[in-house]
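Q: In the UniProt record's numbering, the protein residues as written are 1 to 606. I'd like to ask you about the structure that follows.
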Amino acid sequence: MIGPNLTIADWNTCGLNDQDRKDTVHTFLADTRCHIACIQETKLDFIDHQTAAYIGGFKLRSFAHRPAIGTRGGILLLWNEDHVDISSIHIGTYLISADVLLDVAQEFRTLSPDERRLRADLKRRVNGLVALERTRKRQASRISYLREGDANTKIFHLRVNARKRKNHILILKHNNGWATTHEDKDKLIFEHFSQTLGRPSPRQLDFNWAALNPTTHPLEDLGLPFSELEIKEAIDDMPAHKALVPDGFSIAFIRSCWDIIKEDLMKVINAFSELSTSNFSIINTINIVLLPKKDGAESITEFRPISLIHVVPKIIAKAMARRLSSKMNDIMSLSQSAFIKTRTIHDNFMYVRNTAHQLHRNKTPALLIKLDIAKAFDTVRWDYILDLMQRLGFPQRWRALMTTLFSTASSRVILNGVPEKDILHGRGLQQGDPLSPLLFDIAIDPLQRILEMATTSGLLHAMPGSLQGPRVSLYADDAAIFLTPTAHDLSALASILQSFGEVTGLAAFDLFNAEAWLSCPDLIRCLGSGRPKVLDYWQAIAKTLTFSPKGLRTAMMLIAWEIWKERNERVFSNKSTLPSVIMHKIREKGKDWILAGAKNLAELVG
1 MIGPNLTIAD WNTCGLNDQD RKDTVHTFLA DTRCHIACIQ ETKLDFIDHQ TAAYIGGFKL
61 RSFAHRPAIG TRGGILLLWN EDHVDISSIH IGTYLISADV LLDVAQEFRT LSPDERRLRA
121 DLKRRVNGLV ALERTRKRQA SRISYLREGD ANTKIFHLRV NARKRKNHIL ILKHNNGWAT
181 THEDKDKLIF EHFSQTLGRP SPRQLDFNWA ALNPTTHPLE DLGLPFSELE IKEAIDDMPA
241 HKALVPDGFS IAFIRSCWDI IKEDLMKVIN AFSELSTSNF SIINTINIVL LPKKDGAESI
301 TEFRPISLIH VVPKIIAKAM ARRLSSKMND IMSLSQSAFI KTRTIHDNFM YVRNTAHQLH
361 RNKTPALLIK LDIAKAFDTV RWDYILDLMQ RLGFPQRWRA LMTTLFSTAS SRVILNGVPE
421 KDILHGRGLQ QGDPLSPLLF DIAIDPLQRI LEMATTSGLL HAMPGSLQGP RVSLYADDAA
481 IFLTPTAHDL SALASILQSF GEVTGLAAFD LFNAEAWLSC PDLIRCLGSG RPKVLDYWQA
541 IAKTLTFSPK GLRTAMMLIA WEIWKERNER VFSNKSTLPS VIMHKIREKG KDWILAGAKN
601 LAELVG
């Protein structure tokens, strides 16, 4: 049954794991004449009948409970059976819904005005929760080709479950062993990211800034306070339905509720702009999710860390990135084209391609070296980039804002859906921060100037073939360098890259040892232009033969033989014996008929 005057209490208690708070809720519900009570954020993973009855003031004895996840969440629904009939309970991930028998009651009698209003209000709340749950599942499914409302949650649930299975980290490789339990994997991940993101040792080297002489630019307007219009444009320029950040708010929510929340949001941003940031670390939190770079990823280095940043610092970073992007074309050298308006990756590709073709046409010996920066974004030193920005003309306020964003940040890795311990940052740029790509461009750009000065001073030979143009082509953390193929130049480049890495934190992998490389007796093969192995030709022919229909055997073999002989007449004689490895492979494929009793390809086709 349901009474004519139904009272519902709703309370976010922020934890019932404290006895004093539990006593407060008990006293409130005992003194309040309510029939249904919804208690949020219980932070309890188990509630028995005795505990529920005490919390409900010994009047609300019936209950349903959604356990907390660790120290987060938890819902308790209490009701009085003498006044309320509950037909069914639905416990979701973040909600509990109950069907109150108002619809049944109106089949036997006319509902009172209070009951009709209550029914309409409950219906609106249920529809709102259903829409919210559908939106959450759509975001988690990462399906972007469906508009809001175009599908029910079934397709989203299927996609979410598939993504969870794909991204679930079952085991992690550690040295010669394996981490299989959640605790072992947590410890391994925490140690890895603490070492990667933690504070580095003090620098022993620094650039000779007087010799490097970076150009100072007029950038004073970067330090101006943020306007409401500027923040709104930054929000509109951000993707609306990306993965949820630690606070649970999406950019779509910020856009739709802008008129309601803009005043409070601008207060926070203005306080940050005025450097009133004593509590900014509370919201400058980051969730790191690990996505496999390839199928069957096992080592932690085979996972790509993606940072999900709190919505307020992300909006601030986006506004700062929009300001800085308009200055990048003047600040950056022509060698860099990543994330800069009016420049594209095709600029780098065409320059490297045309230079390589010209060297090839002129038959000029040269080396093209592709640099691999180890953990590029994660290892940039803050002291270096702040020093560099000062010398480039960035105003004091801008550098102070950058220092705040850097120093107050903390991360926690999400391991199979469970957040782990906080990691304090001491270096690096977050992948997922709108400002990070531009800052990385600034950090790596002095490499071009250093190589130019090394050429001018004679430490490196001039560009091979006396070509005009920059020696290095940069696209974010990808770098291609043209070099004269001498031991001296290779040693000098290795020394430059090592020193550059010590100053900036951007250490390239040890790609080569110059003397060992040039002492290689088969250098042309090491550089990729040497004569292929004999077996490689036979492998290609065998692959063609084993997939040929029997009726086309002779024709296919004859064509393959003639083409092969024409292209490789300098390498093999016409009577080359078929290698035993290839004969065995052909037999394994069930193609013994190809051999036809011959052990020699020339005899077979002749």
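Virtual Cβ for every residue (Gly too), placed ideally from N, Cα, C. Treat the numbers as computed from the prediction; the structure is a model and nothing was measured.
Once DSSP output is grouped into helix, strand and coil, what is the label at Ile450?
A: Helix, per DSSP.
Q: So, for Pro395: in the same chain, excluding its five sequence neighbours on each side, which residues have a beta-carbon less than 8 angstroms away from its beta-carbon?
A: So the list reads Leu219, Glu220, Leu222 and Gly223, once near-sequence residues are dropped.
Q: According to DSSP, simplified to helix, strand and coil, what is Phe406?
A: Three-state result, Phe406: helix.
Q: When burial is assigned at 16 or more other CB atoms within 10 Å of the CB, is Leu359 buried or exposed?
A: Leu359 comes out buried.
Q: According to the neighbour-count rule (16 or more other Cβ atoms, all chains shown, within 10 Å of its Cβ), is Trp398 buried or exposed?
A: Buried, by the Cβ-count rule.
Q: From Ala162 to Leu291, what does the alpha carbon distance come to, in whole angstroms?
A: In a straight line, the C-alpha of Ala162 is about 14 angstroms away from that of Leu291.
Q: Using the C-alpha atoms, what's the distance from Gly465 back to Val311?
A: Val311 and Gly465: Cα-Cα distance of roughly 52 angstroms.
Q: Which runs of the beta strand (DSSP E) fall wholly inside the segment 341-388 and span at least 3 residues, in chain order?
A: You should have 367-372.
Q: So if DSSP puts Pro292 in a beta bridge, which residue, or which two residues, is it bridged to?
A: For Pro292, which the question treats as bridged, DSSP gives the partners Phe303.
Q: Mind checking Gly458: buried by the 16 CB within 10 Å criterion, or exposed?
A: Gly458 should be labelled exposed.
Q: Kindly confirm or deny that the segment 288-306 and the segment 168-181 touch, where touching means at least three C-beta pairs closer than 8 angstroms.
A: Touching, yes.
Q: Would Ile369 and Ile450 qualify as a contact pair, given that the criterion is a beta-carbon distance under 9 angstroms?
A: Not a contact, by the Cβ cut-off of 9 angstroms.
Q: Report the CB separation of Asp477 from Phe500 in whole angstroms; it is logged as a contact under 8 angstroms.
A: Between Phe500 and Asp477 the Cβ distance is about 13 angstroms, and since that is not below 8 angstroms, they are no contact.
Q: What three-state label does DSSP hand Ala487 in the structure shown?
A: Looking at Ala487 - three-state DSSP - the assignment turns out to be helix.
Q: Ala37 bridges to which residues according to DSSP?
A: DSSP lists Ala9 and Leu78 as partners of Ala37.
Q: Out of curiosity, what's the CA-to-CA distance linking Thr13 and Gly428?
A: Going from the Cα of Thr13 to the Cα of Gly428 covers about 38 angstroms.
Q: Given a threshold of 16 other Cβ atoms within 10 Å of its Cβ, counted over all protein chains shown, does Asp445 qualify as buried or as exposed?
A: Result: buried.
Q: Can you say whether Ile282 is buried or exposed, counting buried as having 16 or more other CB atoms within 10 angstroms of its CB?
A: The residue is exposed, with fewer than 16 neighbouring Cβ atoms inside 10 Å.
Q: Beta-carbon within less than 6 angstroms of Pro437's beta-carbon, same chain only, minus the 5 sequence neighbours each way: which residues are those?
A: These residues qualify, in order along the chain: Phe339.
Q: How would you label Thr180, buried or exposed, when you count the other beta carbons within 10 angstroms and need 16 or more for buried?
A: Under this definition Thr180 is an exposed residue.
Q: In three-state terms, what does DSSP make of Gln195?
A: DSSP places Gln195 in helix when its eight states are reduced to three.
Q: Where does Phe58 sit, in a helix, a strand or coil, going by DSSP?
A: Coil.
Q: On a CA-only basis, which of Tyr351, Leu308, Ala356 and Leu371 is nearest Gln431? Give me that one, please.
A: For the residues Tyr351, Leu308, Ala356 and Leu371, the minimum Cα distance to Gln431 belongs to Leu308.
Q: Under the assumption that Ile331 contacts His217 (Cβ atoms under 8 angstroms), give the Cβ distance between them as a whole number of angstroms.
A: Indeed, because the Cβ distance is near 6 angstroms, the residues count as touching under 8 angstroms.
Q: What separation, rounded to the nearest whole angstrom, lies between the Cα atoms of Asn213 and Asn270?
A: Computed Cα separation, rounded: 35 angstroms.
Q: Mapping the DSSP letters down to three states, classify Thr180 as helix, strand or coil.
A: Thr180 falls in the coil class under three-state DSSP.
Q: Given this structure, state the Cα-to-Cα distance separating Ile442 from Leu324, to the nearest angstrom.
A: In a straight line, the C-alpha of Ile442 is about 11 angstroms away from that of Leu324.
Q: Taking the alpha-carbon positions, what's the Leu42 to Leu16 distance?
A: Note that residue 42 is Thr in the sequence shown here, rather than Leu. Using only the alpha carbons, I get a separation of about 5 angstroms.
Q: Can you tell me whether DSSP reads Thr285 as helix, strand or coil?
A: DSSP places Thr285 in strand when its eight states are reduced to three.
Q: So is Ala52 buried or exposed if we call it buried at 16+ other beta carbons inside 10 Å?
A: Classification of Ala52: buried, given that the 10 Å Cβ count is 16 or more.
Q: Report the rounded CA-to-CA distance for Pro521 versus Glu452, giving the unit in angstroms.
A: Low per-residue confidence applies at Pro521: pLDDT is 45, beneath 50, and the placement is therefore not dependable, though the value from the model is reported in the following sentence. Cα to Cα, Pro521 sits roughly 32 angstroms from Glu452.
Q: Decide if the segment 53-60 is in contact with the segment 18-35; the criterion is three or more beta carbon pairs, one per stretch, under 8 angstroms apart.
A: A contact exists between the segment 53-60 and the segment 18-35.
Q: Taking all protein chains shown into account, do 16 or more other C-beta atoms lie within 10 angstroms of the C-beta of Met328, making it buried, or fewer, making it exposed?
A: Under this definition Met328 is a buried residue.
Q: Taking C-alpha atoms, which residue in Arg203, Lys262, Thr215 and Ile251 lies nearest to Leu229?
A: Checking every option, the nearest Cα to that of Leu229 belongs to Lys262.
Q: Give the secondary structure of Ala479 by DSSP, where H, G and I count as helix, E and B as strand, and everything else as coil.
A: The answer is strand: DSSP assigns Ala479 an E or B state.
Q: So the candidates are Trp209, Lys314, Ile189 and Arg66; which of them puts its Cα closest to the Cα of Glu420?
A: Ranking the options by Cα distance to Glu420, first place goes to Ile189.
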